[in-house]
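Asker: In my numbering, the protein residues as written are 1 to 312.
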C-alpha cells in the first residue's frame, strides 16, 4: 500500500472506477487455475494473496497479504475466485475479490419463508409457511435501546461542541476530544445495524436451506420511511432507523444466489386486508383492523396472511 502514491488527493477517475484484474489460483495439491501472468495470485498452499507488478513497474515486485478466512470457506463450498477489482474504499486502496459458484437451485419442498422488511424500529418480520399455515413467525431487530442511547449521547456532544465554538474554543483540545467521542458513537451505531443486517440475512438463508423453502422478500423500505415520517420523527432519527436496511436486502439476495435458494420479490401489503382487499385502519400498538370484514392482526403479521393466501 505504501507504493500506491496518489499525492494529496486521489484522482477522481480512480476514486469512481473499479479496475478488474485477472487472478491465478494455486491450490493445495499444486494445481493451478487462471492466467499465470495475472497480477493477483491466490496461493492456497501458503494461505496468502500476492498482488504483483501492479503498484510498481519492477520485475518480481509483489505485496503479500494473509488469505482471509471467508475466501477459504467459499472455495471449500465449491466457489472460485475468477477475478478481482481494485479501487478506493474510504479513500484507501482496496482489493475486492469476487467469488462465483455455478449450481442449480433446489426444487422448493412446499415451505415458504416470507420476509417483510421494515425499519429497525419495528424490525424485520419473517414467517415460515407450509400448506396454508403459519408455522413460525418472528420480528427481529438490533438493540434499539442501545442505539437510542448512543444517538442521544451523540446529540448531547454535538450540542456541547456547538456551544464551545460559539464561546471561541473551536481549536481547543476539549473540542477535539468531544468530536472523537461523537464519531466513535456514530460508528458504533453503524456497526450495530450493519452486523445485525449480516447476521439476520445469514440466519434466514440457513433457515431456507434447512426447509428447502421458497424465499419471498417484500422490500418496502420506502413505505417504512413514510410510516416514520407520518409519526413526525426527525429526519436524522429516520435515517438512523433505516440505516443498513438496503445492505440487509442486498446481502439476503447475494446469499440466496450463492447457496442457490430460489427467491422472488413480492409485494405483501400491510395496510390492505388479505381477506376482502379493503383498506385497513391502524389502531393502538400498530394493530390493523378491517372495518369491512372484521379482520384484525398486528401490522407486521398482515404480510404473512398475504403470503399464506398466495401460497396456500
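Beta carbons are placed, not taken as given, at the ideal position from N, Cα and C, and that holds for glycine.
Cβ of residue 255 within 8 Å of Cβ of residue 217?
Answerer: In this structure, residue 217 does not lie closer than 8 Å to residue 255 by Cβ.
Asker: Using the beta-carbon count (16 or more within 10 Å), is residue 300 buried or exposed?
Answerer: It counts as buried.
Asker: Check whether the Cβ atoms of residue 80 and residue 100 sit closer than 8 Å, and answer yes or no.
Answerer: Against a cut-off of 8 Å, the Cβ pair of residue 100 and residue 80 comes out as a contact.
Asker: What did DSSP end up calling residue 74 once you bin it into helix, strand or coil?
Answerer: Here residue 74 sits in helix by DSSP.
Asker: Just grab the DSSP bridge partners of residue 128 for me.
Answerer: According to DSSP, which records beta bridges pairwise, residue 128 is partnered with 113 and 136.
Asker: State the Cα-Cα distance for the pair residue 302 and residue 48, rounded to the nearest angstrom.
Answerer: For residue 302 and residue 48, the distance between alpha carbons rounds to 50 Å.
Asker: Looking at C-beta atoms only, is the number of pairs between the stretch 256-272 and the stretch 151-166 that lie closer than 8 Å three or more?
Answerer: The stretch 256-272, when compared against the stretch 151-166, does not touch it at the 8 Å Cβ threshold.
Asker: Is residue 276 buried or exposed, if buried means 16 or more other CB atoms sit within 10 Å of its CB?
Answerer: Residue 276 is exposed by the Cβ-count criterion.
Asker: Can you give the Cα-Cα distance for residue 157 and residue 182, rounded to whole angstroms?
Answerer: Rounded to the nearest angstrom, the two C-alpha atoms are 6 Å apart.
Asker: Closest to residue 108 by C-alpha separation, out of 175, 243 and 262, would be which residue?
Answerer: Cα-wise, what sits closest to residue 108 is 262.
Asker: Measuring straight from C-alpha to C-alpha, what distance separates residue 77 and residue 229?
Answerer: Each residue's Cα considered, the two are about 44 Å apart.
Asker: What does the Cβ neighbour count give for residue 121, buried or exposed, with the cut at 16 atoms within 10 Å?
Answerer: Buried is the call here.
Asker: Let me know the secondary structure DSSP gives residue 304 once reduced to three states.
Answerer: In this structure, residue 304 counts as helix in the three-state DSSP scheme.
Asker: Sorted by chain position, which residues of the same chain lie with C-beta nearer than 8 Å to residue 45's C-beta, five sequence neighbours on each side aside?
Answerer: Excluding residues within five positions, the ones whose Cβ falls inside 8 Å are 26, 27, 28 and 30.
Asker: So for residue 146, helix, strand or coil by DSSP?
Answerer: If DSSP states are grouped into helix, strand and coil, residue 146 belongs with the helices.
Asker: Based on DSSP bridge pairs, tell me the residues matched to residue 41.
Answerer: According to DSSP, which records beta bridges pairwise, residue 41 is partnered with 24 and 50.
Asker: Residue 222: buried (16+ other C-beta within 10 angstroms of its C-beta) or exposed?
Answerer: Answer is exposed; the Cβ neighbour count stays below 16.
Asker: Please tell me whether residue 321 and residue 219 are closer than 8 Å, where the distance is taken between their beta carbons.
Answerer: The structure shown has nothing for residue 321, since the chain only spans 1 to 312.
Asker: Report the three-state DSSP secondary structure of residue 236 (helix, strand or coil).
Answerer: Note: residue 236 maps to helix in three-state DSSP.
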